[in-house]
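Asker: Below is the structure I would like to discuss, written out as structure tokens.
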């Protein structure tokens, strides 16, 4: 049996991977909250962003943690197509779960279906990523710990989606993201504890790419995507902010319309008063004249 080291660089990879999980969860939750306040195309776009954020965060967490994984007696390589497939699975299956919640009419059923789908997607991503490992030897798993890791993934995903449905304030979302990050990290390291490696010494060259050749640049790129998307979400106005802005604009327009109506009314009143005065003067002059004529005749 080969000796497994899950933190070859000390606490750097566990802490950094946890941070990636928290950022992805926080961004995904905020996007889901935005989606639930929107409708139509806007809701769909927010849900797509939420799915890509959560999926990217979880995948980045997994492979940043794998940067610190080492097995004594053998080098480690990664199969590139399988690794990319694990990323696509993470985003697609998480997306299916998020859309269940976003468009489900029965919230309880939508939450359970979404949590189960998302949790199984996270677990599938993890073990598909592990299947991409290439080393001198064979990998086997403890079935009990594998089942436990899947259960943790499903529970964590369900809790995260529940938080998206019920928690609105930024502070509460931040707390939920910290818990979600801890749950995802627990799932990862539980799954890693299930791993056993039987090393078979060999002088042959392993196929695939090293972690620094492929995983590290990809993780940096996806991490940058999370930070840029976080800035976009932070700067985008919420539905309530847009509604408040619209309602603030309406009274100004209404006041201008009222002022115009008042001006037109004042103009009309002035014209009416002038006409009335002119008529009154003319009538007053005619009456005395008539009276004088009558007197002269008499």
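Residue numbers (the numbering used here): 22 to 319. For every residue, glycine included, the Cβ atom is placed at its ideal position computed from N, Cα and C. Just so we're clear, the structure is a prediction, and the values are computed from it rather than from any experiment.
Using DSSP with H/G/I as helix, E/B as strand and the rest coil, what is residue 83?
Answerer: As a working mapping, residue 83 is identified with position 62 in the chain shown. Helix at residue 83.
Asker: When you compare only the Cα positions, how much space is there between residue 98 and residue 127?
Answerer: To locate residue 98, count along the chain shown from 1; it is residue 77. To locate residue 127, count along the chain shown from 1; it is residue 106. Cα to Cα, residue 98 sits roughly 45 Å from residue 127.
Asker: For the candidate residues 240, 123, 138, whose alpha-carbon lies nearest to that of residue 61?
Answerer: As a first step, residue 61 is located in the chain shown; it is residue number 40 there, counting from the start. Nearest C-alpha to residue 61: 123.
Asker: If you drop the 5 nearest sequence neighbours on each side, which residues of the same chain put their C-beta closer than 7 Å to that of residue 56?
Answerer: Against the chain shown, residue 56 aligns to sequence position 35. Excluding residues within five positions, the ones whose Cβ falls inside 7 Å are 64, 67, 68, 71, 123.
Asker: For residue 82 and residue 39, I'd like the C-alpha separation in whole angstroms.
Answerer: Here residue 82 refers to the residue found at position 61 of the chain shown. Here residue 39 refers to the residue found at position 18 of the chain shown. Approximately 6 Å between the Cα atoms of the pair.
Asker: If you check the beta carbons only, do residue 135 and residue 119 fall under 8 Å apart?
Answerer: Residue mapping note: residue 135 aligns to position 114 of the chain shown, counting from 1. Residue mapping note: residue 119 aligns to position 98 of the chain shown, counting from 1. Cβ atoms of residue 135 and residue 119: closer than 8 Å.
Asker: From the DSSP output, read off the bridge partner residues of residue 159.
Answerer: Here residue 159 corresponds to residue number 138 of the chain shown, with the count starting at 1. Paired residue(s): 219.
Asker: What are the boundary residues of the alpha helix (DSSP H) that residue 98 is part of?
Answerer: Residue mapping note: residue 98 aligns to position 77 of the chain shown, counting from 1. First-last for residue 98: 97-99, but that is the beta strand (DSSP E), not the alpha helix (DSSP H).
Asker: From residue 189 to residue 197, what distance separates their C-alpha atoms?
Answerer: In the chain shown, residue 189 corresponds to position 168, counting from 1. In the chain shown, residue 197 corresponds to position 176, counting from 1. Rounded to the nearest angstrom, the two C-alpha atoms are 11 Å apart.
Asker: From the DSSP output, in three-state form, read off residue 227 for me.
Answerer: Looking up residue 227 in the chain shown gives position 206. In this structure, residue 227 counts as coil in the three-state DSSP scheme.
Asker: Could you say which of 214, 201, 107 lies nearest to residue 164 if we only look at CA atoms?
Answerer: Your numbering for residue 164 matches position 143 in the chain shown. Per the Cα distances, 214.
Asker: Distance check for residue 88 and residue 34, CA to CA, integer angstroms please.
Answerer: Position 13 of the chain shown, counted from the start, is the residue given in the question as residue 34. Position 67 of the chain shown, counted from the start, is the residue given in the question as residue 88. Residue 34 and residue 88: Cα-Cα distance of roughly 7 Å.
Asker: Using a 10 Å radius around the Cβ and a threshold of 16 neighbouring Cβ atoms, would you call residue 240 buried or exposed?
Answerer: For the purposes of this step, residue 240 is taken as residue 219 along the chain shown, with counting starting at 1. Result: buried.
Asker: Assign residue 42 to one of two classes, buried (16 or more other C-beta atoms within 10 Å of its C-beta) or exposed (fewer than that).
Answerer: The count along the chain shown starts at 1 and reaches residue 42 at position 21. Buried, because 16 or more other Cβ atoms sit within 10 Å of the Cβ of residue 42.
Asker: Starting from the C-beta of residue 294, find all residues in its chain whose C-beta is less than 7 Å away, skip the five residues before and the five after it, and write them out in chain order.
Answerer: Numbered from its first residue, the chain shown carries residue 294 at position 273. Residue placement at residue 294 is poorly supported in this model, since its pLDDT is 48, which falls under 50; the coordinates still yield a value, given next. Nothing meets the Cβ criterion.
Asker: Assuming residue 173 is part of the alpha helix (DSSP H), what are its boundary residues?
Answerer: Against the chain shown, residue 173 aligns to sequence position 152. Segment 164-187, the alpha helix (DSSP H) holding residue 173.
Asker: Rounded to whole angstroms, what is the Cα-Cα separation between residue 25 and residue 46?
Answerer: Start at 1 with the first residue of the chain shown, and residue 25 comes out as number 4. Start at 1 with the first residue of the chain shown, and residue 46 comes out as number 25. Each residue's Cα considered, the two are about 29 Å apart.
Asker: Using a Cβ-Cβ cut-off of 8 Å (strictly less than) and excluding sequence neighbours within five positions of residue 297, which residues of its own chain qualify?
Answerer: As a first step, residue 297 is located in the chain shown; it is residue number 276 there, counting from the start. Per-residue confidence for residue 297 stands at a pLDDT of 49, beneath the threshold of 50, marking its modelled position as unreliable; no derived number is given.
Asker: Does the pairing of the stretch 99-110 with the stretch 214-230 give three or more beta-carbon distances under 8 Å?
Answerer: yes
Asker: In the DSSP output, what is residue 204 paired with across the bridge?
Answerer: Taking the first residue of the chain shown as position 1, residue 204 is located at position 183. According to DSSP, residue 204 bridges with nothing at all.
Asker: With DSSP run on the structure shown, which of helix, strand or coil describes residue 91?
Answerer: Here residue 91 corresponds to residue number 70 of the chain shown, with the count starting at 1. It is a strand residue.
Asker: Can the beta-carbon of residue 194 be found closer than 8 Å to that of residue 145?
Answerer: Within the chain shown, the letter at position 173 stands for residue 194. Within the chain shown, the letter at position 124 stands for residue 145. For residue 194 and residue 145, no; Cβs fall outside 8 Å.
Asker: In this structure, what does DSSP give as the bridge partners for residue 154?
Answerer: Translated into the one-based positions of the chain shown, residue 154 becomes position 133. The bridge partners DSSP lists for residue 154 are 99.
Asker: Helix, strand or coil: which one does DSSP assign to residue 32?
Answerer: As a first step, residue 32 is located in the chain shown; it is residue number 11 there, counting from the start. Three-state result, residue 32: coil.
Asker: Can you pull the DSSP bridge partners for residue 26?
Answerer: Position 5 of the chain shown, counted from the first residue, corresponds to residue 26. Bridge partners of residue 26: 91.
Asker: Taking contact to mean 3 or more Cβ pairs, one atom from each stretch, closer than 8 Å, check whether the stretch 152-159 and the stretch 197-210 are in contact.
Answerer: no
Asker: Take the Cβ of residue 362 as the centre, count every other Cβ of all protein chains shown within 10 Å, and call the residue buried at 16 or more, exposed below.
Answerer: As displayed, the chain neither begins before 22 nor continues past 319, which places residue 362 out of reach and without an answer.
Asker: Report yes if the C-beta distance between residue 48 and residue 250 is below 8 Å; otherwise report no.
Answerer: The count along the chain shown starts at 1 and reaches residue 48 at position 27. The count along the chain shown starts at 1 and reaches residue 250 at position 229. Yes, they are a contact pair.
Asker: Using only the alpha-carbon positions, how far apart do residue 276 and residue 58 sit?
Answerer: The residue labelled residue 276 in the question sits at position 255 within the chain shown. The residue labelled residue 58 in the question sits at position 37 within the chain shown. For residue 276, the predicted model reports a pLDDT of 47, less than 50, meaning its position is unreliable and no value from the coordinates is stated.
Asker: Measuring alpha carbon to alpha carbon, tell me which residue in 223, 150, 208 is nearest residue 177.
Answerer: Position 156 of the chain shown, counted from the start, is the residue given in the question as residue 177. The shortest Cα separation from residue 177 among 223, 150, 208 belongs to 208.
Asker: Determine the burial state of residue 161: buried for a count of at least 16 other Cβ atoms within 10 Å of its Cβ, exposed for fewer.
Answerer: On the chain shown, position 140 is the one that residue 161 refers to. So residue 161 counts as exposed.
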